[in-house]
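Going by the numbering used here, the first residue of the sequence shown is number 5, and it counts up by one from there.
Positions of the beta carbon are idealized from the N, C-alpha and C atoms, including for glycine.
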Amino acid sequence: MSTRSLRTSFSQGLAFLRDHPQVWVTAGTGMIICASFIGIAYRFGSIAEHAQEEVITVRVGSILDTFVLFAPDTLAHPEVLRGHIHALREQNPTIDSFSIVAPHGSNGWRVFISDNGAKEGSVTEQVSPVLRLAYGDPVHAYTIETTEQGERYFTTARAIVASTGRVEAVAVTTQQLAESDRNIAASLVLSYYVLGGILLLSMVLFFRHARILDFARLYQKQLEIDEMKDSFLGMASHELKSPLTVIRGYIEYLQEGTLDEGTKKEFLRRIAFSADELRQLVDDILDVSRIEMGRLRFSVDRVLPHEVCEEVATMFSDEVAKKQLTLTVDIPESVRVCAVQVDRGRLKQVLVNLTSNAIKYTRQGYVRIQLREEADRIALVVQDSGIGMTAAEREKLFNKFYRIETDETKAIAGTGLGLWITKYMIEHMQGTISVESIKGEGSRFVVTTNRDPSP
Ligand code: ADP
C-alpha cells in the first residue's frame with residue numbers, strides 16, 4: 005500500500021470517527037471491560053497461586069513436624085527411615101525429593117538418607133541456606149523458593165532433635181510447584197478465551213446499539229429536514245406569489261392606457277425586476293433538484309476571477325445605490341493576471357449568491373468584494389457590515405433550507421437554499437467556503453479555488 009493511500013485511509017478513518025462519536029464510547033467501554041477482566045483474572049490468579057503455595061507449605065510443614073517426632077528414634081535404623089520416606093513420597097506426589105542431612109566437617113553437609121539412593125553418603129558444601137536456618141532452630145520448619153529450568157520448587161527443612169535436645173540432623177524436602185503453576189496458567193488462559201468471547205459479544209451488542217443511535221440521529225435529522233421542507237414550501241409559494249402579484253398589478257395599470265411614458269418605463273422596470281426574482285427562485289429550485297439527482301454539470305476552464313468580480317459588482321450597482329450602501333471591489337494588481345480552474349458560470353453564481361446575501365442582510369455601511377493570492381490558491385472574499393450572526397447560527401448556515409429566524413430576518417425574502425447550493429458548487433470545483441461573522445457587526449465569506457498554474 006502506498007504512503008498516499010495509507011494517508012487517505014487514515015484520514016478516512018479519522019473522519020469516520022469524527023462523524024460517529026459513539027464508536028469512541030463503544031471502544032472505550034470495551035477497553036474498560038477488557039482491563040477490568042484482565043485485572044480480575046490476574047488478581048484471582050495470584051490469589052490462587054498464593055493459596056496453593058500456602059497449602060503446600062502447611063502440608064509439608066506438618067508432614068515434617070510429624071516426621072521429626074519419630075525420626076530421632078529411628079536414625080540408627082536407616083532402613084526403617086527409608087521405608088517411611090518412600091511411604092510419605094508415595095502419598096504426596098508433589099514431594100520431589102526427601103533427604104536427611106547432617107553437618108559434616110566445618111562447612112560440609114553429608115546426605116545421610118535420601119529417597120534417591122545414589123546421593124546417600126555424598127558430601128556437599130553447596131546447600132540451601134534453609135538447612136543452616138533449620139539446624140540453628142530446633143522448633144520451626146523453614147521454606148524457600150527456588151527456580152530450576154523455569155520450574156518453581158519449595159525447599160523445606162526441619163531439624164531432627166534427639167531426646168537430649170541436641171540437633172542430630174535436618175530433614176529436607178523439595179516440592180515442585182510446576183503442576184499447580186500449570187493449572188493456574190491453564191485457568192488464566194481459559195479466562196482470557198472467555199474474555200475474548202465476552203468482548204466479541206459486547207462489541208456486537210455495542211455496534212448494534214451504535215447503529216440504533218445512528219438511526220435515531222438519522223430519524224431526528226429527517227424530522228428536521230421535513231420541518232424545513234414544510235417551511236420552505238410555505239416560503240416558496242409566498243416567494244412565487246409576491247412577484248407574480250406585483251407583475252399582475254403593474255400589467256393592469258399598463259392596460260388602462262392612461263400612464264405617461266416615464267411612469268410606464270418605471271412600471272416596466274419593476275415588472276422586469278420581479279420577473280428576475282421569480283427566475284432566480286425557479287433557478288434555485290431547479291439547481292437543488294439537479295444536485296439531488298447528480299445532474300448538475302460543470303465545465304471547468306481557465307477563468308480570470310477579477311473579470312467575474314467586476315461583472316457581479318456591476319450587476320448589483322443599482323441595488324446598492326437604492327439601499328445607499330457602498331460596494332467596493334478590491335483587486336491587487338498582481339492578482340489581475342491570476343487565473344483559476346473553475347466553471348465560469350458556477351463561479352459567477354457563487355459570487356452572485358454571496359453578494360446578494362451581503363446586500364440583503366446589510367442595512368447600512370458597505371459590501372466589499374476582494375481577491376487575494378494564497379500560495380497555490382486564490383481567495384475570493386465577500387465582506388459586509390450587516391446584521392451578522394451568532395456562532396450557533398453559523399453552525400447550520402450551509403444546511404439545506406436553513407434560514408436564521410430573527411426579527412431582523414423575518415421581513416427579508418429568501419428560501420434558505422442559496423448557501424447550500426453555493427457550498428455544493430464550490431466544493432465540486434475543489435474549492436472551499438468558510439465564514440466569519442459577529443452579530444451586529446457584519447460577515448465575511450471566504451471562497452478559495454485552485455489556481456491555474458499555466459502563465
Ligand atoms: P436565503 O435565501 O434565506 O438568503 P441562504 O442560503 O442564501 O438563503 O442563506 C441562509 C441564511 O443565512 C439566510 O437566511 C440568512 O439568515 C443567513 N445569511 C446569509 N448570508 C448572510 C450575511 N451576509 N449576513 C447575515 N446573514 C446571512
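Who are the Cβ neighbours of residue i in its own chain at under 6 Å, not counting the five residues just before and after it?
i, result
"residue 142", "163, 165 and 171"
"residue 56", "184"
"residue 339", "375 and 377"
For ligand 1, is there any heavy atom lying closer than 6 Å to the beta carbon of residue i?
i, result
"residue 398", "no"
"residue 395", "no"
"residue 382", "no"
"residue 423", "yes"
"residue 361", "yes"
"residue 196", "no"
"residue 280", "no"
"residue 407", "yes"
"residue 388", "yes"
"residue 413", "yes"
"residue 349", "no"
"residue 266", "no"
"residue 430", "no"
"residue 419", "yes"
"residue 391", "yes"
"residue 254", "no"
"residue 365", "yes"
"residue 447", "yes"
Would you identify the three-state DSSP class for residue i, choosing helix, strand or coil?
i, result
"residue 455", "strand"
"residue 366", "coil"
"residue 432", "helix"
"residue 394", "coil"
"residue 172", "strand"
"residue 441", "strand"
"residue 112", "strand"
"residue 341", "coil"
"residue 45", "helix"
"residue 347", "coil"
"residue 142", "coil"
"residue 76", "helix"
"residue 150", "strand"
"residue 158", "strand"
"residue 131", "coil"
"residue 335", "coil"
"residue 387", "strand"
"residue 102", "strand"
"residue 95", "helix"
"residue 375", "strand"
"residue 261", "coil"
"residue 22", "helix"
"residue 62", "helix"
"residue 460", "Nothing about residue 460 can be reported from this structure: the residues present for the chain run from 5 to 459 only."
"residue 446", "strand"
"residue 382", "strand"
Using C-beta distances below 7 Å, list every residue in its chain close to residue i, excluding the 5 sequence neighbours before and after it, in chain order.
i, result
"residue 100", "157, 178, 179 and 180"
"residue 135", "105, 113, 161, 174 and 176"
"residue 412", "391"
"residue 98", "60, 179, 180 and 183"
"residue 233", "405"
"residue 302", "347, 350, 432 and 433"
Answer yes or no: do residue i and residue j have a C-beta to C-beta separation smaller than 7 Å?
i, j, result
"residue 456", "residue 306", "yes"
"residue 405", "residue 236", "yes"
"residue 359", "residue 316", "yes"
"residue 274", "residue 254", "yes"
"residue 388", "residue 446", "yes"
"residue 375", "residue 335", "yes"
"residue 394", "residue 443", "yes"
"residue 278", "residue 250", "yes"
"residue 408", "residue 364", "no"
"residue 333", "residue 373", "yes"
"residue 188", "residue 49", "yes"
Tell me which same chain residues have a C-beta within less than 8 Å of the C-beta of residue i, skipping the five on either side of it?
i, result
"residue 245", "none"
"residue 304", "345, 346, 347 and 433"
"residue 85", "75, 78, 79, 104 and 117"
Report the CB separation of residue i from residue j in whole angstroms; it is logged as a contact under 8 Å.
i, j, result
"residue 239", "residue 350", "About 25 Å; that fails the 8 Å criterion."
"residue 115", "residue 124", "6 Å"
"residue 291", "residue 437", "In fact, because the Cβ distance is near 16 Å, the residues do not count as touching under 8 Å."
"residue 435", "residue 288", "Actually they are not in contact, since the Cβ atoms of residue 435 and residue 288 sit about 20 Å apart, beyond 8 Å."
"residue 320", "residue 386", "Between residue 386 and residue 320 the Cβ distance is about 11 Å, and since that is not below 8 Å, they are no contact."
"residue 89", "residue 119", "5 Å"
"residue 369", "residue 329", "7 Å"
"residue 32", "residue 145", "With 8 Å as the limit, residue 32 and residue 145 do not qualify as a contact, their Cβ atoms being about 51 Å apart."
With hydrogens ignored, establish whether the beta-carbon of residue i is closer than 6 Å to any heavy atom of ligand 3.
i, result
"residue 202", "Of the ligands this structure carries, namely ligand 1, none is ligand 3."
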